[in-house]
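J.: In this text, residue positions in the sequence shown follow the UniProt record's numbering: the first is 1, and each later residue adds one. Cβ coordinates follow ideal geometry from the N, Cα and C atoms, glycine included. Note that the structure is a prediction, hence the values are computed from the model and not measured. Pasting a structure here, questions to come.
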Amino acid sequence: MELFLGVIFFISGVYVLDDATKRGVSNQLAWAVGTVILWLIVFPLYLVRRNALTQTVSNIDGAEKPNSKRLGFVLILLLSFTPYLWDKF
Numbered sequence: 001m002e003l004f005l006g007v008i009f010f011i012s013g014v015y016v017l018d019d020a021t022k023r024g025v026s027n028q029l030a031w032a033v034g035t036v037i038l039w040l041i042v043f044p045l046y047l048v049r050r051n052a053l054t055q056t057v058s059n060i061d062g063a064e065k066p067n068s069k070r071l072g073f074v075l076i077l078l079l080s081f082t083p084y085l086w087d088k089f
């Protein structure tokens, strides 16, 4: 069961990170990590507010940090599967 939930959290977190990056949301890493940690609250909240977040963005140079997406992916991976791995050891 933990593995199934880990997969759901992982897919949701990666989706939020990718979608927020494409939309230009300024704090995409926080939304993605929040989705993994508090999935039941943050994921639906992001889906409802993502258009409003896109409209209020103030991105001056239009470029994202090169390592932010990689860092987010690693954090999402670790946070998603930690409960499953914790039970195995």
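Relative to the C-alpha of residue 54, which residue among 26, 74, 42 and 35 is closest?
T.: Translated into positions along the sequence shown, residue 54 becomes position 54. The shortest Cα separation from residue 54 among 26, 74, 42 and 35 belongs to 26.
J.: Based on Cα-Cα distance, which residue from 68, 52, 23 and 74 lies nearest to residue 11?
T.: Taking the sequence shown and counting its residues from 1, the one referred to as residue 11 is at position 11. Checked all of 68, 52, 23 and 74; the closest Cα to residue 11 is 74.
J.: What separation, rounded to the nearest whole angstrom, lies between the Cα atoms of residue 20 and residue 50?
T.: If you number the sequence shown from 1, residue 20 lands on position 20. If you number the sequence shown from 1, residue 50 lands on position 50. Answer to the nearest angstrom: the Cα atoms are 8 Å apart.
J.: Would residue 90 and residue 48 qualify as a contact pair, given that the criterion is a beta-carbon distance under 8 Å?
T.: With the chain represented from 1 up to 89, any question about residue 90 goes unanswered, as that position is not in the structure.
J.: If residue 80 and residue 4 are in contact, beta carbons under 8 Å, what's the gap, nearest whole angstrom?
T.: Counting from one through the sequence shown, the residue named residue 80 turns up at place 80. Counting from one through the sequence shown, the residue named residue 4 turns up at place 4. The pair is not a contact, with the Cβ atoms about 11 Å apart (cut-off 8 Å).
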